[in-house]
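End of the sequence shown = 1240 in the working numbering, gap-free, step of one.
Have a look at the structure below before the remarks.
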Amino acid sequence: MTTLPQGPRAEDTSLVMVGIDFRSAELELRERVAMREDEGEAVLVEVMARPEIAEAYLLSTCNRTELYLVAREHHRAFSTALELFARRAPEVADEGRFFVLHDREAARRLLSVATGLESMVLGEPEILGQVRSAAALAERVGSTGTVLQQLVHHATVAGKRARSETAIGEGAVSLGYATVDLARQIFGGLGRGSLLLVGAGETAELVAHALAERGIDEVRFVNRSDDRAASFHRRFPTARRISWGDMPAALETSDAVVTTTSAPEPIFTRHELREIMERRRSRALLLVDLGVPRNVEAAAGDLDNLFLHDLDSLQSLVDRNLDRRREEIPRVETIVADELQRFTEWQRRRDAEPVVASLQRRAEDIRRREVAAVREAFPEELHPTLDNLTRSLVRKILHHPSHQLRRGLERGERAQLELARELFQLDDEDESS
């Protein structure tokens, strides 16, 4: 195994993040910068070949691509990151298209991302898994060391805490998941249910994805366009296409029906639905009309056991849930601040360790020399006692200074490190050892 060259002292490195997200760049640009797993692996390997970079972690999703670096030389590391982005899309380098964060703010960013605070859909659940997957890739490549591994650990903890201690991820905030919420309210879930989708476009796919995640047994769909139907079936191979003429019969046996077409006239009239509901023999039907114009006559909403919801009512549900999530932001920010403080304290303690280790080595060298000079003056059977006594003295003498160096860095008092180096000539000791 190749051993990387020894870098500078930990306190001489810095954390830098360069990235774009949905706030700074449009979708077309984000798509060009986004990286598949194999592309991300190649980037991490290339980055780690640069001497100015000690560690690297890449998070690339549909809404963000962010490269976190532990830099030995800050400005060169930043230039390297920007060069990699601009290679995929030159306009990334334009003012305002990317952002860069340093040290504590870079760490805060990853913690916030993992909690869902920085997501396009506030509190989205998928991002925490993406943070973990990115960490697994970096670990396989060998691009993360103690700093970024510790940062990802605290980001993961923050993400878990946000979901268990707050309601940031509760309540549907998309049309697909709002449909799931309605189904739960009416049926107590759709785990053994049947869904009929009328239409096979983007909205239908979002609904199908949300319901498939909840384990619905059967998805049927109907669409006039063969091309659109084929595309939908590729995304959802277990879905079964039915003919337009078989749609009334499918309504009789479905638990939920979602319409998503742009038909200029209603597909279902109140009269047709009344006949279907009579044949269902009091079985409840959830009918969600996401069509524009509406696919279902509004008057059908007064039929017994027919629960009709249109785009406006679903959007109202989504908006209420988003409002509840926004109310949780201060609590999630408190979690982020808590985990950031823990990471910062760990980092400061780590920065003190080289100085503490040098101090202990210097004291041990002095102890060994002094003991060697007088050892022959003591009977041989007392030599172990002499060693144990002097080691105990050194440990007790150094305990308080070592503790204060670590505590001083936790409080941000870096001057203590330099004072310790000067008082005990520790840099001279390191150079001579």
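All C-beta atoms, glycine included, are put in the ideal place defined by N, C-alpha and C.
Quiz item: Taking the runs of the alpha helix (DSSP H) that are 4 residues or longer, which of them lie wholly in the stretch 930-969?
Solution: Fully enclosed alpha helix (DSSP H) runs of 4 or longer: 933-948.
Exercise. Take the Cβ of GLN1148 as the centre, count every other Cβ of all protein chains shown within 10 Å, and call the residue buried at 16 or more, exposed below.
Key: Translated into the one-based positions of the sequence shown, residue 1148 becomes position 341. It counts as exposed.
Exercise. Starting from ILE1023, follow the alpha helix (DSSP H) in both directions and report where the run begins and ends.
Key: Stepping through the sequence shown from its first residue, residue 1023 is reached at position 216. Neither: ILE1023 is in no alpha helix (DSSP H) and is coded neither H nor E.
Exercise. In the DSSP assignment, find the unbroken alpha helix (DSSP H) run with LEU1121 in it and report its ends.
Key: Taking the sequence shown and counting its residues from 1, one reaches residue 1121 at position 314. Per DSSP, LEU1121 belongs to the alpha helix (DSSP H) from 1118-1134.
Quiz item: Mapping DSSP to helix, strand and coil, what is SER821?
Solution: Mapped onto the sequence shown, residue 821 falls at position 14. Assigned with DSSP and collapsed to three states, SER821 falls in strand.
Quiz item: Which parts of the stretch 984-1016 are runs of the beta strand (DSSP E), unbroken and 3 residues or longer, counting only runs that do not cross its ends?
Solution: 1001-1005
Exercise. Please list, in chain order, all residues of the same chain as MET842 whose beta carbon is under 6 Å from its beta carbon, the five residues on each side excluded.
Key: Position 35 of the sequence shown, counted from the start, is the residue given in the question as residue 842. SER867, listed in sequence order.
Exercise. Give the DSSP bridge partners of ARG871, in chain order.
Key: As a working mapping, residue 871 is identified with position 64 in the sequence shown. According to DSSP, which records beta bridges pairwise, ARG871 is partnered with ASP828.
Quiz item: Exposed or buried, GLY1000, counting other C-beta atoms within 10 Å across all chains shown (16 or more means buried)?
Solution: Working through the sequence shown from its first residue, we reach residue 1000 at position 193. By the neighbour-count criterion, in which a residue is buried when 16 or more other Cβ atoms sit within 10 angstroms of its Cβ, GLY1000 is buried.
Quiz prompt | The alpha helix (DSSP H) enclosing LEU851, as first and last residue numbers | solution = Working through the sequence shown from its first residue, we reach residue 851 at position 44. Per DSSP, LEU851 belongs to the alpha helix (DSSP H) from 844-855.
Quiz item: To the nearest whole angstrom, what separates the beta carbons of GLY1250 and ALA861, a pair I think is in contact under 8 Å?
Solution: As shown, the chain starts at 808 and ends at 1240. That puts residue 1250 outside it, with no answer to give.
Quiz prompt | Euclidean distance between Cα positions of LEU1003 and PRO1073 | solution = One-based indexing of the sequence shown puts residue 1003 at position 196. One-based indexing of the sequence shown puts residue 1073 at position 266. Each residue's alpha carbon lies about 17 Å from the other.
Quiz item: Which residues bound the alpha helix (DSSP H) around ALA913?
Solution: Start at 1 with the first residue of the sequence shown, and residue 913 comes out as number 106. For ALA913, the uninterrupted alpha helix (DSSP H) segment begins and ends at 910-922.
Quiz item: The beta strand (DSSP E) with ASP1096 in it runs from where to where?
Solution: Here the question's residue 1096 lines up with position 289 in the sequence shown. 1092-1096 is the extent of the beta strand (DSSP E) around ASP1096.
Practice problem: In angstroms with no decimal places, state the Cα-to-Cα distance between SER1209 and VAL1163. | Solution: Position 402 of the sequence shown, counted from the first residue, corresponds to residue 1209. Position 356 of the sequence shown, counted from the first residue, corresponds to residue 1163. If I take the Cα positions, the gap works out to 6 Å.
Practice problem: Find out if the Cβ-Cβ distance for the pair GLU1104, ARG1086 is shorter than 8 Å. | Solution: Translated into positions along the sequence shown, residue 1104 becomes position 297. Translated into positions along the sequence shown, residue 1086 becomes position 279. Going by C-beta atoms, GLU1104 is not nearer than 8 Å to ARG1086.
Quiz prompt | Sub-8 Å separation of GLU933 and LEU836 beta-carbons | solution = In the sequence shown, residue 933 corresponds to position 126, counting from 1. In the sequence shown, residue 836 corresponds to position 29, counting from 1. No, the pair does not count as a contact, with Cβ atoms beyond the cut-off.
Quiz prompt | Local conformation of ALA1179 per DSSP, three classes | solution = The residue given as residue 1179 occupies position 372 in the sequence shown. Looking at ALA1179 - three-state DSSP - the assignment turns out to be helix.
Practice problem: Please work out which residues of its chain come closer than 6 Å, Cβ to Cβ, to VAL980, disregarding the five sequence neighbours upstream and downstream, and give them in chain order. | Solution: Walking along the sequence shown from the start, residue 980 turns up at place 173. Excluding sequence neighbours, VAL980 sits near VAL928, VAL1125, ASN1128 and LEU1129.
Quiz item: Can we say the stretch 1086-1099 touches the stretch 1061-1069, given the rule of at least three CB pairs closer than 8 Å?
Solution: With the cut-off at 8 Å, the stretch 1086-1099 and the stretch 1061-1069 touch.
Quiz item: Which same chain residues, not among the five before or five after ASP988, have their C-beta less than 6 Å away from its C-beta?
Solution: In the sequence shown, counting from the first residue as 1, residue 988 sits at position 181. Result list for ASP988: ALA979, in chain order.
Quiz item: Thinking C-beta only, is ILE827 closer than 8 Å to PHE885?
Solution: Locating residue 885 in the sequence shown gives position 78, where the first residue counts as 1. Locating residue 827 in the sequence shown gives position 20, where the first residue counts as 1. PHE885 is not a Cβ neighbour of ILE827, given a cutoff of 8 Å.
Practice problem: Could you tell me whether the stretch 1047-1058 touches the stretch 1015-1032, using the rule of 3 or more Cβ pairs below 8 Å? | Solution: yes
Practice problem: Excluding the 5 residues preceding and the 5 following ALA969 in the sequence, name in chain order all residues of the same chain whose CB lies nearer than 6 Å to its CB. | Solution: For the purposes of this step, residue 969 is identified with residue 162 of the sequence shown, where counting begins at 1. Hits under 6 Å: THR922, ILE975, VAL1139 and ILE1142.
Practice problem: In angstroms with no decimal places, state the Cα-to-Cα distance between PRO815 and ARG1035. | Solution: Counting from one through the sequence shown, the residue named residue 815 turns up at place 8. Counting from one through the sequence shown, the residue named residue 1035 turns up at place 228. Any answer about PRO815 is weak, because its pLDDT of 37 lies below 50 and its placement is not dependable; what the coordinates show is given next. One C-alpha to the other measures close to 58 Å.
Quiz prompt | Residues near HIS909 by beta carbon distance below 6 Å, same chain, minus five either side | solution = One-based indexing of the sequence shown puts residue 909 at position 102. Hits under 6 Å: VAL823.
Quiz item: CA-CA distance, ALA817 and ARG1228?
Solution: Within the sequence shown, residue 817 is the residue found at index 10, counting from 1. Within the sequence shown, residue 1228 is the residue found at index 421, counting from 1. With a pLDDT of only 41 at ALA817, under the threshold of 50, the placement of this residue in the model should not be trusted, and no figure is reported.
Quiz item: Considering THR1066, what are the terminal residues of the beta strand (DSSP E) in which it resides?
Solution: Here residue 1066 is taken as the residue at index 259 of the sequence shown, counted from 1. Looking at the DSSP string, the run of the beta strand (DSSP E) that includes THR1066 is 1063-1066.
Quiz item: Whole-angstrom Cβ separation of LEU1118 and LEU1092, contact assumed at under 8 Å?
Solution: Looking up residue 1118 in the sequence shown gives position 311. Looking up residue 1092 in the sequence shown gives position 285. Not confirmed; about 18 Å, so no contact.
Exercise. Use the C-beta contact count for ALA941: other C-beta atoms within 10 angstroms, 16 or more gives buried, fewer gives exposed.
Key: Here residue 941 refers to the residue found at position 134 when the sequence shown is read from its first residue. That one is buried.
Quiz item: DSSP three-state call for THR809: helix, strand or coil?
Solution: Stepping through the sequence shown from its first residue, residue 809 is reached at position 2. With a pLDDT of 28 at THR809, under the threshold of 50, the modelled position of that residue is not reliable, and no figure is offered here.
Practice problem: With DSSP as the reference, label GLU862 as helix, strand or coil. | Solution: On the sequence shown, position 55 is the one that residue 862 refers to. Correct three-state label for GLU862: strand.
Exercise. Label ARG916 either buried or exposed according to how many other C-beta atoms from any shown protein chain fall within 10 Å of its C-beta, with 16 as the threshold for buried.
Key: Here residue 916 refers to the residue found at position 109 when the sequence shown is read from its first residue. The residue is buried, with at least 16 neighbouring Cβ atoms inside 10 Å.
Practice problem: Take LEU1080 and list the residues in its own chain whose beta-carbon comes closer than 7 Å to its own, dropping the five residues that flank it on each side. | Solution: For the purposes of this step, residue 1080 is taken as residue 273 along the sequence shown, with counting starting at 1. These residues qualify, in order along the chain: ALA1107, LEU1110 and LEU1113.
Quiz item: Is the beta carbon of ARG1146 less than 8 Å from the beta carbon of VAL964?
Solution: Residue 1146 sits at position 339 when you count from the first residue of the sequence shown. Residue 964 sits at position 157 when you count from the first residue of the sequence shown. According to the sequence as given, residue 1146 is Glu; it is not Arg. Yes.
Quiz item: What is the DSSP secondary structure of ARG1087, reduced to helix, strand or coil?
Solution: Position 280 of the sequence shown holds residue 1087. The answer is coil: DSSP assigns ARG1087 none of H, G, I, E or B.
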